[in-house]
Amino acid sequence: MAIGMSELKKGLKIEVDGVPYKITEYQHVKPGKGAAFVRCKIKSFLNGKVIEKTFHAGDKCEVPNLQQKQMQFLYDDGELLQFMDNATYEQEGLTYDQVGDAFDWIIDGMTCDMMYYNGKAITVEPPMVVELKIVETPPNFKGDSQGGRKPATLESGAVVQIPFHILEGDIIKCDTRTGEYLEKVK
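Numbering (numbering that gives the first Met the number 0), first residue to last: 0 to 185.
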C-alpha cells in the first residue's frame with residue numbers, strides 16, 4: 000500500500016528505498032510560486048540515522064513490513080541487550096546502536112515493544128510513560144520553593160529536570176518520548 004504526500008504526519012512509519020523510517024519532524028510548505036511540498040526529518044530503524052527528505056505531490060512511499068512483539072528486558076551481557084518473549088521464552092539480543100536512546104529508560108524486568116522488520120529484530124521501544132526511582136539529586140536549600148527545576152538521575156541512568164520538592168528515593172513518572180518529568184507517584 001502506497002502512502003501519498005497528503006497522508007504523511009509525525010510518528011508515521013514509512014519505507015523509502017527499502018529502508019524503514021519513522022517521521023520525527025514534519026512541515027508542510029506552500030511557497031508563493033510552485034507546488035506545495037512536505038519537508039520531513041526521518042529516522043532510520045536500522046541504524047538510527049536521521050535524514051531530511053522532501054516529498055512532492057506525486058511522490059509515494061510504502062508502508063514497511065513491521066511487526067511489534069511484547070518483550071521483557073532481561074540483562075546487558077556487555078555486547079548485547081537480552082530480551083525475552085514472555086509467551087515462548089525465546090531470547091533475542093539487540094546491540095546498543097539498535098536500542099539507541101531507549102536504553103536510558105529501560106530497567107531489568109521492564110516490558111518493551113520490540114520492532115521486527117521482515118522477521119528480523121531491529122529496535123525496541125520502551126513504554127510511553129515509565130515509573131522510575133530517583134537515585135541521585137541535589138538536596139533542597141532554603142529559598143528553593145519558587146517553581147524552579149533541578150537535575151535528577153533515575154535508576155535507569157536517564158537524567159531529567161524535576162521540581163525542587165522532589166527528593167532522592169522518590170518514584171516519578173516520566174514521558175520517554177520527550178524525556179520530561181510528568182508527576183510524582185504517591
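Note that CB positions come from ideal geometry on N, CA and C, so glycine has one too.
Q | In chain order, each beta strand (DSSP E) run of at least 3 residues that lies wholly inside the segment 53-140 | A | Listed in chain order, the complete beta strand (DSSP E) runs (minimum 3 residues) inside the segment 53-140 are 59-61, 65-75, 80-84, 90-93, 110-116, 119-124, 128-135.
Q) On the three-pair Cβ rule with 8 angstroms, is the segment 50-60 touching the segment 100-117? A) The segment 50-60, when compared against the segment 100-117, does not touch it at the 8 angstroms Cβ threshold.
Q. What three-state label does DSSP hand residue 155 in the structure shown?
A. Of the three classes helix, strand and coil, the one that applies to residue 155 here is coil, per DSSP.
Q | Coarse secondary structure for residue 6, derived from DSSP in three states | A | It is helical.
Q.
Am I right that residue 60 and residue 24 are in contact with their C-beta atoms under 8 angstroms? What's the rounded C-beta distance?
A. Actually they do not touch by this definition, with Cβ atoms about 16 angstroms apart.
**Q.** Rounded C-alpha distance that separates residue 180 from residue 134
**A.** The alpha-carbon atoms of residue 180 and residue 134 are separated by roughly 15 angstroms.
Q: Along the beta strand (DSSP E) that carries residue 171, what are the first and last residues, could you check?
A: Taken as a continuous stretch (DSSP letters only), the beta strand (DSSP E) holding residue 171 covers 170-174.
Q: Say whether chain B places a C-beta atom closer than 8 angstroms to the C-beta of residue 78.
A: Considering every chain present, this structure includes no chain B. It has just one protein chain.
(Q) Can you tell me whether residue 184 sits near the ligand GTP, meaning its C-beta is under 7 angstroms from at least one heavy atom of the ligand? (A) What this structure holds is no ligand at all, so the ligand GTP is not there to describe.
Q: Could you tell me whether the segment 120-135 touches the segment 159-177, using the rule of 3 or more Cβ pairs below 8 angstroms?
A: As far as the Cβ criterion goes, the segment 120-135 touches the segment 159-177, which means the pair count is three or higher.
(Q) Rounded to whole angstroms, what is the Cα-Cα separation between residue 90 and residue 58? (A) For the pair residue 90 and residue 58, the Cα-to-Cα distance works out to about 40 angstroms.
Q: Evaluate residue 20 with the Cβ neighbour count: other Cβ atoms within 10 Å of its Cβ, from every protein chain shown; 16 or more gives buried, anything less gives exposed.
A: Looking at its Cβ environment, which holds 16 or more other Cβ atoms inside 10 Å, residue 20 is buried.
Q: Grab the span of the beta strand (DSSP E) containing residue 19 for me, first residue to last.
A: Residue range 18-28 is occupied by the beta strand (DSSP E) that includes residue 19.
Q. What does residue 183 pair with, by DSSP beta-bridge criteria?
A. Its beta-bridge partners are 171.
**Q.** When 39, 18, 33, 34 are compared against residue 10, the one with the closest alpha-carbon
**A.** Taking residue 10 as reference, the option from 39, 18, 33, 34 with the minimal CA-CA separation is 39.
Q.
I'd like the list of long-range same chain contacts for residue 112, defined as Cβ closer than 6 angstroms, with 5 residues on each side in sequence excluded.
A. Excluding sequence neighbours, residue 112 sits near 67, 124.
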